[in-house]
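Worksheet: the structure to be examined is printed underneath.
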Amino acid sequence: MKHELSVMMFTWEFPPRVIGGISPHVFFLSKSLAKNGVKVYVITCDFPGTPAHEVIDGVDVYRIDSYKNPAPDFATWVYLMNLNMQKEAAAIVNKLADKIDVFHAHDWLVATAGIGLKHVFRKPLLVTMHSTEMGRRDGLHTNTEKMIHETEAWLTYEAWKVICCSDYMVSHVRWAFGLPEDKLVMVPNGVNSHVYEGIEKEDLKSFRAKFALPEEKIVLYVGRLVYEKGIHILINAVPKVLEKVDAKFIIVGSGYMKEQLLNIVRSMRSEYKVLFLGFVDDETLLRLQKCADVSVVPSLFEPFGIVALEAMAAKSPVVVSDTGGLSEIVDHDLTGVKAYPNNPDSLAWGITKILLDENHKSHIRENAYRKVREKYDWEKIAQQTKQIYEAVLGEYSKSFWA
Amino acid sequence: MVGQLAEYINALSTQLVKNKVETHIVTYHDFLTGAVEEASGVKIVRVANPVRTHISVLTWDLTLNQEVERAAASIYYQANKQIDLIDVYDWHFIPAAVTLKNALDIPFVYSVESLEDHRSPTADTPYSMSIKSIEWLGFYEAKKVSVKSEWMRNEVARIYNVPKEKIEVISPNTNSWVKDLLELYKTVAGGLSSQ
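Quick note, the sequences are listed as chains A and B, same order.
Residue numbering for the first sequence follows my numbering, beginning at 870 and increasing consecutively.
Residue numbering for the second sequence follows my numbering, beginning at 293 and increasing consecutively.
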């Protein structure tokens, strides 16, 4: 019996559970695929106050009990969570009676569930590698890191196709796991620029006043406070920027470096210029991005750089470090400013350049906004992804598994 | 060989083949991987762990399970889906058995050799608790539990609250050993629908 193309996605985070970029990625990709006639099932971890099963804009979302087994550490928790994910997904697929055409896993966090279900149901597995352990840690230093790296290698080995969000990631993943070139395919990440339209006409003066003085420019950082995101580079650039411009640095996000960063700020006596907000709700974040005079993405390792795209969609000019996916998103002096990675002087130069030149700033904003709308639209990304599914199914139909 | 289980499975599978039970064994070896058929007619598949670096027996076990599952699924498809039941020994490969049951409706017997509570009687570390939670999952998902003594039957019931009628005592030290086991297999192989 012929049925519409159907895919089962595995992801360890899905809204309202948001830890990193995978959650919004799978959310928008699934919804856009559904709009393009693909039946999508999402299997993800549970979250307080959410139902075990719900349908969101045509996407079937199943949340599994992810803390069923006690675990001694994070990596072991991941494998145990996969055990439960696999078990529950197996029962769902079994009940659907052969209606799943492809499995699609996002990162090593759902590796064993994806690999297991591929073999028990003999359906093709696709994987999107959002990041790598090698990149996150800048090398492999501990047994945990090596184990995760080897799990990633195994996942890419088992996958029919490996999707990466930037040309940089394609070459990085190819090198890291020794993959053949034709196994990799680049599909950019998307950004939902519509969310910023709603607040286009809103008067944000009083909102802005909660965070900065009228004469202060707002420098915004959004991201986890972890090494790979280079937040310490931005913190070190603070006094260098303040020498030239009066500004307030607003840091959104949390992470293991928080205490360390607070200490640096205190030692520079800049507490009144750097505001750590932690996690903020979506409404606040959107408005902050709208208010920001410049958004900074100082990453040391960045597979894609969704934060830069979001800022561009919010018409906030961006300063990024010239690395990874950021290098592809931003064209220097056209859609943003690129600074040398791991270099506070260069970063401060970029920030100051935008803050002091109003003409340049508006020029960059308009160009950036246009690029986002043209290239990083979820509708187009869903169509590309659907074509990959269809191509894989075409090859699969000639295999002995079919 | 790690403990006595290897010899036991060897003796058991030989007996099963003699009694015309098509027997496949899925087990682990670091490098002697692949499929072999013994002179006795027992078919064995040995798998290795694709992930070589580990932080504990737990991570080693949980990843190895995927290869066990893959090999078992492969046997299932090669046998035209005619696998009646899985007999799984101790907690190590419970995860694979659980997925295979939920995905392909193959019921399983959980054969208990020992329990984490006896191996590490005072351990309430996350590591031990984790293994216990896998044992619990096995008892919950198994169609029948097989133990080798009345004492173990009581222990399984005591520690995990498993209903006693779910637990069968089958001792290899009695003459009716193979007969009892075949009897158990027959009740389990009725399929999940008869549950």
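Every residue, glycine too, gets a C-beta built ideally from N, C-alpha and C.
Status (buried if at least 16 other CB within 10 Å, exposed otherwise) for residue i
i: Met-293(B); result: exposed
i: Ser-1136(A); result: exposed
i: Thr-1254(A); result: buried
i: His-346(B); result: buried
i: Tyr-402(B); result: buried
i: Trp-1270(A); result: exposed
i: Lys-1070(A); result: exposed
i: Glu-447(B); result: buried
i: Pro-464(B); result: exposed
i: Asp-929(A); result: buried
i: Lys-871(A); result: Any answer about Lys-871(A) is weak, because its pLDDT of 46 lies below 50 and its placement is not dependable; what the coordinates show is given next. Classification for Lys-871(A): exposed.
i: Ser-1196(A); result: buried
i: Ser-468(B); result: exposed
i: Gly-829(A); result: No answer is possible for residue 829(A): the residues shown for chain A start at 870 and end at 1271.
i: Tyr-936(A); result: exposed
i: Ser-1268(A); result: exposed
i: Ala-940(A); result: buried
i: Ser-486(B); result: Reliability of the predicted coordinates at Ser-486(B) is poor, the pLDDT of 39 falling under 50, and the value obtained from them is presented with this limitation in mind. Under this definition Ser-486(B) is an exposed residue.
i: Arg-450(B); result: exposed
i: Thr-1192(A); result: buried
i: Asp-322(B); result: exposed
i: Asp-1115(A); result: exposed
i: Glu-359(B); result: buried
Boundaries of the alpha helix (DSSP H) in which residue i is found, first to last residue
i: Gly-1263(A); result: 1247-1265
i: Asn-1012(A); result: 1012-1027
i: Ile-1133(A); result: 1127-1136
i: Arg-1077(A); result: 1074-1078
i: Glu-361(B); result: 349-370
i: Leu-1009(A); result: It is not in any alpha helix (DSSP H) - Leu-1009(A) carries neither H nor E in the DSSP assignment.
i: Leu-898(A); result: 891-904
i: Val-1064(A); result: 1063-1066
i: Pro-1108(A); result: 1100-1111
Residues sharing a beta bridge with residue i, DSSP
i: Lys-1117(A); result: Ile-1087(A)
i: Cys-1033(A); result: Met-1055(A)
i: Thr-880(A); result: Note: Thr-880(A) sits in no beta bridge, so no partner.
i: Glu-923(A); result: Val-930(A)
i: Ile-378(B); result: Phe-400(B)
i: Arg-991(A); result: According to DSSP, which records beta bridges pairwise, Arg-991(A) is partnered with nothing at all.
i: Ile-912(A); result: Phe-879(A) and Tyr-931(A)
i: Ser-1293(A); result: Residue 1293(A) lies beyond the range of chain A shown here (870 to 1271); nothing can be said about it.
i: Val-996(A); result: Ala-974(A) and Val-1031(A)
i: Val-339(B); result: Tyr-320(B)
i: Gly-1122(A); result: Gly-1147(A)
Contacting residues, own chain, Cβ-Cβ under 6 Å from residue i (five flanking each side not counted)
i: Met-877(A); result: Tyr-910, Ile-969 and Phe-972
i: Asp-376(B); result: Ala-481
i: Ile-367(B); result: His-316
i: Gly-1219(A); result: Val-1188, Val-1206 and Ala-1208
i: Ser-1215(A); result: Ala-1208 and Tyr-1209
i: Val-309(B); result: Thr-315, Ser-332, Gly-333 and Val-334
i: Pro-1186(A); result: Val-1163, Ile-1223, Lys-1230, Ile-1233 and Arg-1234
i: Ala-1081(A); result: Ile-1087 and Lys-1117
Cβ shell of residue i (< 8 Å), same chain only, five flanking positions each side left out
i: Phe-1148(A); result: Val-1121, Gly-1122 and Ser-1123
i: Ile-1068(A); result: Leu-1155, Arg-1156 and Lys-1159
i: Leu-392(B); result: Glu-361, Ala-364, Ala-365, Tyr-368, Ile-378, Ile-398 and Phe-400
i: Glu-1259(A); result: Leu-874
Same chain, Cβ closer than 7 Å to residue i, five either side skipped, listed in chain order
i: Leu-324(B); result: Arg-338
i: Pro-885(A); result: Phe-916 and Thr-919
i: Ser-1062(A); result: Ala-1182, Val-1241 and Arg-1242
i: Leu-1053(A); result: Val-1031, Cys-1033, Val-1039, Val-1042 and Arg-1043
i: Asp-1246(A); result: Gly-1059
i: Asp-472(B); result: Ile-462
i: Val-989(A); result: Ala-959
i: Met-1003(A); result: Leu-1009, His-1018 and Ala-1045
i: Glu-1264(A); result: none
Element boundaries [beta strand (DSSP E), containing residue i]
i: Phe-1145(A); result: 1143-1147
Contacts that residue i makes with chain E (C-beta to C-beta distance below 8 Å)
i: Ile-347(B); result: Looking at the structure shown, chain E is missing, and the protein chains on hand are A and B.
* Segments assigned alpha helix (DSSP H), at least 4 residues, entirely inside the region 303-336 of chain B -> none
* **alpha helix (DSSP H) segments (min. 4 residues) lying fully within the region 395-479 of chain B** => 408-411, 418-433 and 442-452
* Asked: What are the start and end residues of each continuous alpha helix (DSSP H) run of 4 or more residues lying completely inside the region 928-974 of chain A, in chain order?
  -> 943-965
* To do: Any chance you could list the beta strand (DSSP E) runs of at least 3 consecutive residues sitting entirely within the region 1170-1247 of chain A, in chain order?
  => 1187-1190 and 1206-1208
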